[in-house]
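Shown next, in structure tokens, is the structure this report addresses.
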Ligand SMILES: Cc1cc2nc3c(=O)[nH]c(=O)nc-3n(C[C@H](O)[C@H](O)[C@H](O)COP(=O)(O)OP(=O)(O)OC[C@H]3O[C@@H](n4cnc5c(N)ncnc54)[C@H](O)[C@@H]3O)c2cc1C
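In our numbering, the protein residues as written are -18 to 368.
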């Protein structure tokens, strides 16, 4: 067992760290404050391959493993978790088209998405179907030439700015998840309308909107995979999505600890630096312990997914639960260590805390992670298989 990174992984990690420090960190506060979706930055990220990390090379992607991608997301998120989280969603959407799309779909969309010429959104959640995504009500009614899409989606990241939507909709009437199909839809197609940008606690550098579909025509060729495979595709996407979002939490927590490290040596009270108080030292010890454990959980889950391990979904759920709970807790503790300045926008720790809070809710809430883990653990020989 080797816990070290390869020379190539270290190279990519350093490249991402430099990019984050130079291109993201100086602007992240302004993107957050003014709710700017930084398309110019995203295009620069595309030049380094960050918009197509685990996408096949024949459509312009980097063909990386999940573990490698996780290292890069972690570095970027230390500067801006919100923008990085959008980059992960874009990667997930592109991966779905790459993995489940026909050759025509792959060649039509993936090269442009990898190059940052088109941006993607993932449309699963509906106003009345969140955690229970399988109960979604949007419908795609079959016609001679394709489908007619009706319904509405809620909380869609990137919506309004993105160009390509992967939409899950019901193509049958049984109510089962096997009646759900996935489609690639042009975000500006006739009949699509968008709600206001949600006013959120964090994740302000990317828009979140509802999306409504009113008799939107979808060509036959826009189906992902087979009819009825949509829910499986959505869940496959989320396994990797959970590693990605957990990596964003690890990155945010590392960013927060880096700020804490500087501040504790600079700030003095009672004639001593904060670093000299044992109560403060113990906080750092706990934060770092949680951070290192979270990072290892994420990397273990990523390697299980890379290795197509049968229990990969459980590892992804455990890693997401652990890393996002700990990531938020570390960022929150960083705010405490900064005292009143931590609560002020003068320092980045409050933004890292606000951004990382979202990670406990999306890509499946952490309660749903526990549902998945417990279901698999209590299945026959579950606890023996997942170790
Ligand atoms: C900023 C942001 C961006 C998002 N981006 C996207 C996106 O791009 N695409 C997309 O499709 N969705 C997106 N989502 C939606 C997100 O995935 C859902 O918000 C999430 O799955 C929870 O659904 P809900 O909000 O309807 O909460 P609900 O499902 O109503 O849950 C409410 C509470 O009940 C708990 N709960 C529900 N069921 C159970 C259960 N069986 N056992 C125990 N507890 C339970 C939940 O954990 C939660 O605490 C985004 C959300 C946010 C906040």
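Where a beta carbon is used, it is the ideal one built from N, C-alpha and C, also for glycine.
Hey, could you find the ends of the beta strand (DSSP E) residue 131 is sitting in?
Unbroken beta strand (DSSP E) run through residue 131: 127 to 138.
Run the proximity test for residue 106: is its beta-carbon closer than 8 Å to any non-hydrogen atom belonging to ligand 1?
yes
Our contact map puts residue 379 next to residue 226 with C-beta atoms below 8 Å; I'd like the distance itself, whole angstroms only.
Residue numbering for the chain in the displayed model covers -18 to 368; residue 379 lies beyond these limits and cannot be assessed.
What does a CB cutoff of less than 8 Å around residue 221 pick up in its chain, not counting 5 residues either side in sequence?
35, 47, 73, 76, 286, 297
Buried or exposed by the 16-neighbour rule on C-beta atoms within 10 Å, applied to residue 251:
exposed
Cβ-heavy atom distance, residue 152 to ligand 1, below 8 Å:
Residue 152: no, Cβ never under 8 Å from ligand 1.
Is residue 69 helix, strand or coil when you go by DSSP?
helix
Nearest candidate by alpha-carbon position, reference residue 12, set -15, 61, 265:
61
Need the endpoints of the alpha helix (DSSP H) that residue 21 sits in, please.
That run of the alpha helix (DSSP H) goes 20 to 28.
Bridge partners for residue 190 per DSSP, in chain order?
137
Looking at the structure shown, is residue 83 part of a helix, part of a strand, or coil, going by DSSP?
coil
Residue 385: which of 39, 264, 86, 312 sits nearest, CA to CA?
Because the chain spans -18 through 368 in this model, residue 385 falls outside it and cannot be assessed.
Kindly confirm or deny that the segment 23 to 31 and the segment 197 to 217 touch, where touching means at least three C-beta pairs closer than 8 Å.
no
Let me know the secondary structure DSSP gives residue 204 once reduced to three states.
strand
Given this structure, state the Cα-to-Cα distance separating residue 230 from residue 364, to the nearest angstrom.
27 Å
I need the straight-line Cα distance from residue 92 to residue 14, nearest angstrom please.
32 Å
Contacts around residue 170, its chain only, beta-carbon distance under 6 Å, and the 5 residues preceding and following it disregarded
197
Report all residues from its chain with a CB closer than 6 Å to the CB of residue 322; omit the five preceding and five following residues, and keep chain order.
Closer than 6 Å at Cβ, skipping near neighbours: 328.
Nearest by alpha-carbon distance to residue 181: which of 358, 137, 129 is it?
137
Measure from the alpha carbon of residue 128 to the alpha carbon of each residue in 293, 164, 147, 207, then state which is nearest.
164
DSSP three-state call for residue 122: helix, strand or coil?
strand
Take residue -4 as the anchor and find which of 291, 50, 147, 40 has the nearest alpha-carbon.
Residue 50 holds the alpha-carbon nearest to the alpha-carbon of residue -4 among 291, 50, 147, 40.
Spatial neighbours of residue 214 within its chain, please: C-beta separation below 7 Å, excluding the five flanking residues on both sides.
So the list reads 77, 81, 163, 205, 206, once near-sequence residues are dropped.
Scan the segment 294 to 342 and note each continuous alpha helix (DSSP H) run of 4 residues or more that stays entirely inside, going in chain order.
321 to 324, 330 to 339
What three-state label does DSSP hand residue 366 in the structure shown?
helix
Alpha carbon to alpha carbon, how far is residue 265 from residue 156?
50 Å
Do the segment 300 to 307 and the segment 263 to 283 make contact, defined as three or more Cβ pairs closer than 8 Å?
yes
Going by C-alpha distance, which of 37, 16, 1, 153 is nearest residue 52?
1
Going by DSSP in three states, residue 96 sits in which element: helix, strand or coil?
coil
For residue 8, tell me which candidate among 257, 22, -1 has the shortest Cα-Cα distance.
Among 257, 22, -1, the Cα nearest to that of residue 8 belongs to 22.
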